[in-house]
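S.K.:
4 protein chains.
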Amino acid sequence: MAFNILRAARAVLHVTDLKASREFYVKGLGFIVTEEDNSAIYLRGLEEHCHHSLLLKKAESHCAEVMSYKVHGNTDLDALAAVFENRGMKTKWLEKGSQHAIGRALRVQDISGLPIEFFSEMDHAERMLQRYDLYQGAKVQRIDHFNGAVTDVEKACEFYMNDLGFRCSEYTVTEEENIWAAWLFRKPGVHDIAFMNGNGPRLHHVAFWLSDPMALIQGCDVLASLGYSKNIERGPGRHGLSNAFFLYLRDPDGHRIELYNGDYLTIDPDFKPIRWDINDKRRQTFWGAAAPDCWFNEASEVMDVHTGKQMETAKPSLEQHKPTFII
Amino acid sequence: MAFNILRAARAVLHVTDLKASREFYVKGLGFIVTEEDNSAIYLRGLEEHCHHSLLLKKAESHCAEVMSYKVHGNTDLDALAAVFENRGMKTKWLEKGSQHAIGRALRVQDISGLPIEFFSEMDHAERMLQRYDLYQGAKVQRIDHFNGAVTDVEKACEFYMNDLGFRCSEYTVTEEENIWAAWLFRKPGVHDIAFMNGNGPRLHHVAFWLSDPMALIQGCDVLASLGYSKNIERGPGRHGLSNAFFLYLRDPDGHRIELYNGDYLTIDPDFKPIRWDINDKRRQTFWGAAAPDCWFNEASEVMDVHTGKQMETAKPSLEQHKPTFII
Amino acid sequence: MAFNILRAARAVLHVTDLKASREFYVKGLGFIVTEEDNSAIYLRGLEEHCHHSLLLKKAESHCAEVMSYKVHGNTDLDALAAVFENRGMKTKWLEKGSQHAIGRALRVQDISGLPIEFFSEMDHAERMLQRYDLYQGAKVQRIDHFNGAVTDVEKACEFYMNDLGFRCSEYTVTEEENIWAAWLFRKPGVHDIAFMNGNGPRLHHVAFWLSDPMALIQGCDVLASLGYSKNIERGPGRHGLSNAFFLYLRDPDGHRIELYNGDYLTIDPDFKPIRWDINDKRRQTFWGAAAPDCWFNEASEVMDVHTGKQMETAKPSLEQHKPTFII
Amino acid sequence: MAFNILRAARAVLHVTDLKASREFYVKGLGFIVTEEDNSAIYLRGLEEHCHHSLLLKKAESHCAEVMSYKVHGNTDLDALAAVFENRGMKTKWLEKGSQHAIGRALRVQDISGLPIEFFSEMDHAERMLQRYDLYQGAKVQRIDHFNGAVTDVEKACEFYMNDLGFRCSEYTVTEEENIWAAWLFRKPGVHDIAFMNGNGPRLHHVAFWLSDPMALIQGCDVLASLGYSKNIERGPGRHGLSNAFFLYLRDPDGHRIELYNGDYLTIDPDFKPIRWDINDKRRQTFWGAAAPDCWFNEASEVMDVHTGKQMETAKPSLEQHKPTFII
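Residue numbers (my numbering), protein chains in the order written: chain L, 73 to 399; chain B, 73 to 399; chain G, 73 to 399; chain A, 73 to 399.
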């Protein structure tokens, strides 16, 4: 391929109350504020040497504006644009200078309708990895992955794997052998993006990497002390899928954030994707606890990159929209 | 007082399949087997220098035979017997030799009908604390406390505090200011026994102490690997009450076991019991997750120390038998 | 006995720069400041509901003023005074009001010349145990024990055990079967005071309890980030003795502080003290690393409770003042 | 480049007592034995889906036979051979079938004289990542990197970066601005190989990745329980360089093994290598403790890939062979 997508790099979320969001993300999750004003906050994790991995924009209503991937260089963007255009998918360029702290960017609605963005340049920032004296809350280290609810997981996977060069680490099949969910990666971990069967296109969650399991426990304690116990939606627990130690939170606007530690190395080309049956109870939560209904049903609406309006959602192609042992 | 109750010391449980119980308690929880035969298994935690803290007896049906407390010396037993007899409560002596590995013991049905036992002597066993090469599963260190469901928590507390010398560390009140639950201790931690409003008398759970929070996480992982994910009933989580990091399990017979790490020191006479409102969401689970219904409704039947038959249970005196935010 | 010593309760240390000490103890170790002015800082751990467990007083030169024990009630103080006076040991009373935040206190130079204090009343303070949002650095939870260098460990032990009611959990003997060090307790853990053969009387260290091993690792990270890597003297490591996970620090004046997690329950009267040979390499550091020379040779000078001057020190009665495998 | 080196993939070490090595690596470090016979043991970490990452061969004397890298495909091997041959470096082919469990392999003495190997195929093995019931000791997850002592670090770096496509994450300079050590990577972490100024060529250590910091602490405890406290050479501690939580062990033959957890993501092309002064005390051990002399002076001799004899070593080009604050 004439381009190299490196990794999930940033999420741009619309929030309705910047002050409330700041409290949650900074004191609760431990993000570092790189810059902020009345209209936006730029946040980065403790090990990140780039300007931000999470951009919160003040808006009338909450939604997910875009999920961004970093590519190797500027020419990769043109090669990517060609892929989309050959497919008849409309692209949008945001020239350098039009967005703060990042270079030229390409936006497009992906095959499932999810708004995605590619860029190669972002301003640098001081890495705080060894400023342990500034660590707070869950001590978020770096962005890890996105998870999107889509109406046709199989179609989404084919596009990302064949056209964009993603590989699959794990996947879930229904009793009829349809792909119900899949975990795809560019950087050699479990995922940069996962797709899950559901009303879509919607952003199910953005996940951030923690340094170790105890950081997640401490995150829970600090969040509860700050009054966010109602924002803890699911976990802590171990995923069967990915083997990660996880926690799902809802931010003050309801955007879902996963805190994540675990993973494994997927760099070998002969690594074989791991298959799970949807009704294997250990798939979702290795320790057996079922996810609450809201975890399956609720997700963030996403924006149309061309109109700036919220995308309409449709029902998924597979009827079974959560494991039977829960229904 | 003419006696000194030291601590919760052992639980005697009836189980229907010793082999299944052994697998769960030894490989899953990490107990050391001190002795075993076709009729019983004597288990101890890794730091325990006494013969056992959990005695599993083979029986036709599962139930809790007795909760035992260690007292300072032999004469304390006589002083205790006098307390019960003055109250008109029938005592039962098991002379030295009648029970394996422990000395003379006094049994009685407590004020709530829970079967309790007092003894001062138990055979010694090698302490395995620094045999880290033998650690398994959740690495249980020692017995910590009992929890009993009783029909009148206030009456139970008055008896244990006034007649037996227990102190209260924390308690929960209903909206009408009735005591719904209480945590009582002799050793200077949060509790040796807790009482909870419910159908009683029943044994709600026996709790064992772990060395650190990660042992609990590893316990979950090992239990799930061994096929016990369905036995994980609640947690891991942080209790608001006691501040402990907890996990509730159901053994193969359904007896509930708590794994417990956290606590604090309560030795000062001027330590003031901590009061919680029953509807404070952080009371039960500091991080906000509600306990499942089975956690409130199910508990082990207990034995009558005189007849050897199961005690009948009665409805609790307080109507509200679980927090309203759950109902 | 007509008195009940509950536990090691506070250390009073003289420091030369309150601001420097505050930075170290608050940001590095995570103490809560209860009160402070130009002459003193009163510090408590996160679970402590009493006014302070560490009192730092501004002075011209650093030294240890006194190690304090909390006793059950006011009359215990008189009974204790009688013990000392019957032994011909001069006592000093500090009436209520003469010391901030504590009641009437009895001071005496113990049999080894160490300055000790007994009191039963201290003002209360808010317990911060569940204010995880305020946790900093090593997250000190509570005071645990003192360690004193004395010239005759055997004599010190006999006095504390026979006259004051302490029990022994572990001890170290030389090749000639002399007691080289001993760990004594009142609260049912490994120790409230330990004695070690050396130039004495001196205060070797004050130890504080941490909630879990990861708090110690994080303490190291935060201390290093704040520029205190030179203050980390020994560890982290596991003691063979006590099984604790430990770290030894030197505060800005050179006072030695131990951070401590591990321990085990010693409440049973039939718990048998654990014996170690001085040359067993796993005794000091279970993992094998030797302690640096400064750890053996350096300690805080102590104050004469009557004159307010520093006590003269003498050489120890046993020649072997550290294990041969280190010499 | 016409080839893609993926990652450090296996070490082949000669050991004199397979039984002693097996005990250390399996019970102490937690490796899984894939295969073994009288002449060799093939070991893999818990997450590894390939046949082995450590091959121990029975030999008369201990030495390091080769450090192996996995490349993307078979043709990458020919492209690599061309690089070496154009440089006048003699290559050696081991055709498929000549080594157990791996395909065709290319061996060469690198620019510093270190024996290295490249291969693209290895037999698969069951991944044990979620068989927590089989976890032992330090629970080694996967191979991470090699560290070689070489006489000219600058020359080694230039060759690996310019000819083999490695990138630099961190490096250390002397007072004269010479490169004293460097950390180079292919997979996007801190390193696959590090070079350190010293008598060379020698293998300083092979490093294995652990899942979390507590696994390292538990590794120490289990190793000590098994009698390996003398094999713990340095740590646990935090490296300033790489930010990893580390432990250095010596296996029964003296080969040095690092247990490693921490790291960070280096996938961005605009990640700038981090520079350290050799005399910055926090470089080596963030917490301040100096490494012992043996850590600087001792390392495993390496084999000549053509003659099978031990390589002669030479003195390093830079005089300063360890930081001055240690000398």
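For each residue, glycine too, the CB sits at the ideal point set by N, CA and C.
(1) By the 8 Å beta-carbon criterion, what residues does the segment 284 to 313 of chain A contribute toward chain B?
(2) Taking 7 Å as the CB-CB limit, is Ile398/L close to chain B?
(3) Ala386/L to Gly220/L, Cα distance in whole Å?
(4) Going along chain L in order, which residues have a C-beta closer than 7 Å to the C-beta of Gln16/G?
(5) Could you give the DSSP three-state label for Pro285/G: helix, strand or coil?
(6) Would you mind stating whether Leu331/B and Asn303/B have Cβ atoms separated by less than 7 Å?
(7) Please determine if the segment 112 to 122 of chain A and the segment 144 to 163 of chain A are in contact, where contact requires at least 3 C-beta pairs separated by less than 8 Å.
(8) Leu256/A and Arg274/A look like a contact to me (Cβ under 8 Å); what is the Cβ gap, rounded to whole Å?
(9) Spell out a yes or no on whether the segment 347 to 358 of chain G and the segment 306 to 326 of chain G are touching, meaning 3 or more CB-CB pairs, one atom from each, closer than 8 Å.
(10) Return helix, strand or coil for Gly309/B, following the three-state DSSP convention.
(11) Assign Pro388/A to one of two classes, buried (16 or more other C-beta atoms within 10 Å of its C-beta) or exposed (fewer than that).
(12) Answer with yes or no whether the minimum CB distance from Asp205/L to chain G is below 7 Å.
(13) Whose CA, out of Leu390/G, Ser372/G, Glu391/G, Leu78/G, lies closest to the CA of Leu85/G?
(14) For Trp165/B, count neighbouring C-beta atoms within 10 Å of its own C-beta (all shown protein chains included) and say buried if the count is 16 or more, exposed if not.
(15) Roughly how many angstroms lie between the CA atoms of Val98/B and Thr106/B, to the nearest whole one?
(16) Please name the residue, chosen from Gly261/A, Thr244/A, Cys135/A, Glu137/A, that lies closest to Leu78/A on a Cα-to-Cα basis.
(17) Around the C-beta of Asn234/L, are 16 or more other C-beta atoms found within 10 angstroms, so that it is buried, or is it exposed?
(18) So Arg176/B and Phe156/B are supposed to be a Cβ contact under 8 Å. How far apart are they, rounded?
(19) By the criterion of Cβ-Cβ separation under 9 Å, what are the contact partners of Phe358/G in chain A?
(20) Note down, in chain order, every chain A residue with its Cβ under 7 Å from the Cβ of Lys168/L.
(21) Could you tell me which of Arg258/B, Ala253/B, Phe103/B, Leu126/B sits nearest to His144/B, measuring between CA atoms?
(22) So which residues on chain A does Arg354/G lean against when the C-beta distance must stay under 8 Å?
(23) Between His277/A, Asp349/A, Asn271/A, Tyr232/A, which has its C-alpha nearest Ile329/A's C-alpha?
(24) If you follow the beta strand (DSSP E) that Lys129/B is part of, which residue opens it and which one closes it?
(25) Helix, strand or coil, according to DSSP, for Leu90/L in the structure here?
(26) Check each candidate in Glu120/G, Trp348/G, Arg116/G, Ser93/G and name the one with the smallest Cα separation from Lys130/G.
(27) Closer than 7 Å, CB to CB, is Glu119/G near chain B or not?
(28) Per DSSP, Gln181/A forms a beta bridge with which residues?
(29) Taking Ile350/L as the reference, which of Arg306/L, Glu248/L, Asn369/L has the closest Cα?
(30) Output, in chain order, the set of chain L residues within a Cβ distance shorter than 8 Å of Ala361/B.
(31) Quick one: what does DSSP say Trp359/A is sitting in, helix, strand or coil?
(32) Answer with buried or exposed for Asn333/A, where buried requires no fewer than 16 other C-beta atoms within 10 angstroms of its C-beta.
(33) Going by the CB atoms, is the gap between Gly160/L and Met383/L shorter than 7 Å?
(34) Taking the continuous alpha helix (DSSP H) assigned at Leu152/G, which residues delimit it?
(35) Should Met73/G be labelled buried (16 or more other beta-carbon atoms within 10 Å of its own) or exposed?
(36) Compare the beta carbon distance of Ile265/L and Phe218/L with 7 Å and say whether it is the shorter of the two.
M.R.: The structure says:
(1) Legend: CB atoms of the segment 284 to 313 of chain A lying less than 8 Å from CB atoms of chain B belong to residues Asp284, Met286, Gln290, Asp293, Val294, Ala296, Ser297, Leu298.
(2) Note that Ile398/L scores a pLDDT of 43, beneath 50, so its modelled location is shaky; the value from the coordinates is reported in the next line. Cβ-Cβ to chain B under 7 Å: no for Ile398/L.
(3) It is roughly 14 Å from the alpha-carbon of Ala386/L to the alpha-carbon of Gly220/L.
(4) The first residue shown for chain G is 73 and the last is 399, placing residue 16/G beyond what the model contains.
(5) Shown here, Pro285/G sits in a helix according to DSSP, grouped into three states.
(6) In this structure, Asn303/B does not lie closer than 7 Å to Leu331/B by Cβ.
(7) In short, these stretches do not touch, since the Cβ pair count stays below three.
(8) Between Arg274/A and Leu256/A the Cβ distance is about 17 Å, and since that is not below 8 Å, they are no contact.
(9) Counting C-beta pairs closer than 8 Å gives three or more between the segment 347 to 358 of chain G and the segment 306 to 326 of chain G, which meets the contact rule.
(10) Strand at Gly309/B.
(11) Buried: at least 16 other Cβ atoms inside 10 Å.
(12) The Cβ of Asp205/L sits closer than 7 Å to at least one Cβ of chain G.
(13) Checked all of Leu390/G, Ser372/G, Glu391/G, Leu78/G; the closest Cα to Leu85/G is Ser372/G.
(14) In summary, Trp165/B is exposed, with fewer than 16 beta-carbon neighbours lying within 10 Å of its beta-carbon over all protein chains present.
(15) One alpha carbon belongs to Val98/B, the other to Thr106/B, and they sit about 11 Å apart.
(16) Of the listed residues, the one whose Cα sits closest to Leu78/A is Gly261/A.
(17) Asn234/L comes out exposed.
(18) Incorrect: roughly 15 Å between the Cβ atoms, too far for contact.
(19) Simply Cys292, Asp293, Ala296, Ser297, Ser301.
(20) Listed by position along chain A, the residues whose Cβ is nearer than 7 Å to that of Lys168/L form an empty set, because the closest Cβ is around 15 Å away.
(21) Checking every option, the nearest Cα to that of His144/B belongs to Arg258/B.
(22) The answer, in chain order, is Ala296, Ser301.
(23) Of the candidates His277/A, Asp349/A, Asn271/A, Tyr232/A, His277/A places its Cα closest to the Cα of Ile329/A.
(24) Residues 126 to 130.
(25) Of the three classes helix, strand and coil, the one that applies to Leu90/L here is helix, per DSSP.
(26) By alpha-carbon distance to Lys130/G, the top candidate from Glu120/G, Trp348/G, Arg116/G, Ser93/G is Ser93/G.
(27) True, the Cβ-Cβ gap to chain B drops below 7 Å.
(28) Bridge partners of Gln181/A: Pro187/A.
(29) Minimum Cα distance to Ile350/L is reached at Glu248/L.
(30) Ordered by position in chain L, the residues that pass the 8 Å Cβ test against Ala361/B are Ile304.
(31) Residue state, collapsed to three classes: coil.
(32) The residue in question, Asn333/A, is buried, as its Cβ has 16 or more Cβ neighbours within 10 Å.
(33) Taking 7 Å as the Cβ cut-off, Met383/L and Gly160/L do not qualify as a contacting pair.
(34) Where Leu152/G is concerned, the enclosing alpha helix (DSSP H) stretches over 146 to 158.
(35) Classification of Met73/G: exposed, given that the 10 Å Cβ count is below 16.
(36) Result yes, Cβ atoms of Ile265/L and Phe218/L sit closer than 7 Å.
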